[in-house]
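The structure appears right after this line, and notes come after that.
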Amino acid sequence: MVSHQTIGDPETHDTGPRAPAGHAPHPHLSPEDVAALRETLHEQRLFRQEQLVQIASAVPSRTDDLLRQSTAGQVEVHVKLAASARMVLSDVVAALDRMDRGSYGACHLCRRPIDRERLLIVPQTRYCARCQQVREAGR
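Each residue of the sequence shown is one higher than the one before, starting from 1356 at the first, in my numbering.
Have a look at this one:
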């Protein structure tokens, strides 16, 4: 794991142990916020798991050439939907893991707290808004 700490910078220097499991590593998330975010993430995990099952069962298994040609586009859409659902599911599971480890809500790049409002909108996010913009600009 790469650490992006600046020596002598008290804002990026980790001076203590991680917060206990289920607690936010910074004070702007109340225990109620963390509980609500955890519940939202559990719901998202369940939704994505069910979505993947539905997508897998929707892929046609017909052998007729005409039917296969007409559904080739549908198969491509299903493949892309499944890839997207797997990616979001992975992000959700990783966010729940960060909650369990006590590191939830800290940006993966700058280690600063992610704004409460951002977490409420995208609870599985790994990055603060500033670092997310930097990442997207680099693509």
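We treat Cβ as the ideally placed atom computed from N, Cα and C, and that holds for glycine.
> In angstroms, rounded to a whole number, what distance separates the CA positions of Arg1393 and Glu1491?
Replying inline: A straight-line Cα-Cα distance of about 27 Å links Arg1393 and Glu1491.
> Hey, Arg1441 and His1463: beta-carbon distance below 8 Å or not?
Replying inline: Not in contact: Arg1441 and His1463 (Cβ atoms no closer than 8 Å).
> Which stretch, first to last residue, makes up the alpha helix (DSSP H) that contains Arg1481?
Replying inline: Run containing Arg1481: none; DSSP gives neither H nor E here.
> If you draw a straight line from the C-alpha of Gln1404 to the C-alpha of Ala1450, how long is it?
Replying inline: Rounded to the nearest angstrom, the gap between the Cα atoms of Gln1404 and Ala1450 is 16 Å.
> By Cβ distance below 6 Å, which residues in the same chain neighbour Val1443 in space, the five residues on each side in sequence not counted?
Replying inline: Same-chain partners within the cutoff: Arg1403.
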